[in-house]
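Novice: Quick one: the structure is below, questions incoming.
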Amino acid sequence: AVGLYRLCGSAAVKKELRDAFERDSASVNLSEEIYPDINVITGILKDYLRELPSALITKTLYEVVLEAMAKWPLKMAMGVPDAGPTPANTVALLDCLPEAEM
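Residues in the sequence shown are numbered from 18 upward in steps of one, following my numbering.
Printed below as a string of structure tokens:
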């Protein structure tokens with residue numbers, strides 16, 4: 018099976034959907050009846066994220082997440098209670114996000 022985000026869908030349908038978002042994003046209907054190929058929707062999302070003026074996931078946040086992912090399985094294997102995510106950890110990750118650009 019090919020990963021959901023590996024395919025991009027029809028270029029013509031992607032252009033149609035992108036144009037619809039640019040005209041009035043609030044009124045776009047992403048129902049399966051209108052866009053049965055999920056790869057079109059994920060393709061538009063990939064394009065949007067790729068075209069952001071600054072990275073959504075900063076280098077600092079990326080490193081923090083990688084470190085947490087590396088430690089979590091070890092804690093679970095060692096039987097550390099409450100080794101999962103905590104609200105404090107979530108807030109710490111959010112603090113690593115860049116400021117909103119308005």
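Each residue gets a CB set at the ideal place from its N, CA and C atoms; glycine is no exception.
Taking all protein chains shown into account, decide if K31 is buried (16 or more other Cβ within 10 angstroms of its Cβ) or exposed.
Specialist: It is buried - the Cβ of K31 has at least 16 other Cβ atoms within 10 Å.
Novice: Inspect the beta-carbon positions of I61 and L34 and report whether they are closer than 8 Å.
Specialist: Yes, Cβ-Cβ distance for I61 and L34 is below 8 Å.
Novice: Is S71 helix, strand or coil by DSSP?
Specialist: S71 falls in the coil class under three-state DSSP.
Novice: What is the rounded straight-line gap between the Cα of S44 and the Cα of D36?
Specialist: Cα to Cα, the separation comes out at about 12 Å.
Novice: By Cβ distance below 8 Å, which residues in the same chain neighbour Y52 in space, the five residues on each side in sequence not counted?
Specialist: Counting only Cβ-Cβ distances below 8 Å, and skipping sequence neighbours, we find V30, L34 and I58.
Novice: By alpha-carbon positions, which one of D41, D64, A85 and A87 ends up nearest to A28?
Specialist: Of D41, D64, A85 and A87, the residue nearest in Cα terms is D64.
Novice: If you measure between the beta carbons of L110 and V82, is that distance less than 8 Å?
Specialist: Yes, the pair counts as a contact, with Cβ atoms nearer than the cut-off.
Novice: Can you give the Cα-Cα distance for P70 and E50, rounded to whole angstroms?
Specialist: The straight-line gap from Cα to Cα measures roughly 33 Å.
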